[in-house]
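Residue numbers (this note's numbering): 16 to 91.
To keep things clear, I will list the structure first and then write my remarks on it.
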């Protein structure tokens, strides 16, 4: 049945935020496939350690992510 794997920077989400991702994705799958899918929907929130990934050739660190967030906020 449905399987969703979210890879997020380590230590950037609280337990409550991870729970919200799991709950909402499960709800979405049940909405799309029907309620029979709910008990069979697997959602994994996987934390990737600092320096374990990158974007645009740039290694993502907590400082780089913070900088990206500040840039996005100032663009609004």
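Even for Gly, the Cβ is constructed at its ideal location relative to N, Cα and C.
Just measuring C-alpha positions, the residue of 72, 88, 60, 76 sitting nearest residue 66 is 76. Taking the Cα positions, residue 21 is about 10 Å away from residue 37. For residue 71, the closest alpha carbon among the candidates 88, 64, 54, 83 is that of 83. If you draw a straight line from the Cα of residue 39 to the Cα of residue 59, it comes to about 13 Å. For the pair residue 29 and residue 80, the CB atoms are not nearer than the 8 Å cut-off.
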